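First comes the structure, then the notes that go with it.
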Amino acid sequence: MIKTMRLNGKELVINAELVQFIEETPDTMITLTSREKIMVKDSIDEIISKIIDYQRLIRSKTMGERIK
1 MIKTMRLNGK ELVINAELVQ FIEETPDTMI TLTSREKIMV KDSIDEIISK IIDYQRLIRS
61 KTMGERIK
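So the sequence shown is numbered by full-length UniProt numbering: it starts at 1 and just counts up by one.
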């Protein structure tokens with residue numbers, strides 16, 4: 001899950017696994033695999049960074065469990 005902010009300033013948490021694509025129109029629009037579109041304040045680069053951080057966290061936990 002990643003935290004972002006809607007254009008109205010309300011915080012929103014999105015399942016990073018469901019992000020299909022991100023575009024700037026000029027606001028940042030996240031399209032989920034369900035085709036739902038969400039407009040957010042974060043830039044594309046910020047969203048990508050949050051998704052990468054989330055995936056690293058999940059993978060590090062999974063790898064840690066395998067090692068034990």
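Beta carbons: idealized from backbone N, C-alpha and C, even for Gly.
Everything numeric in this text was worked out from a predicted model, so none of it was measured.
query: On the premise that residue 7 lies in contact with residue 50, defined as a C-beta separation below 8 Å, what is that separation, rounded to the nearest angstrom?; result: About 17 Å; that fails the 8 Å criterion.
query: In whole angstroms, give me the CA-to-CA distance for residue 17 and residue 29.; result: 16 Å
query: Taking the DSSP output, what are the residues bridged to residue 14?; result: 2
query: Let me know if residue 52 comes out buried or exposed under the rule of 16 or more other beta-carbons within 10 Å of its beta-carbon.; result: exposed
query: Give the secondary structure of residue 51 by DSSP, where H, G and I count as helix, E and B as strand, and everything else as coil.; result: helix
query: Helix, strand or coil for residue 46 per DSSP?; result: helix
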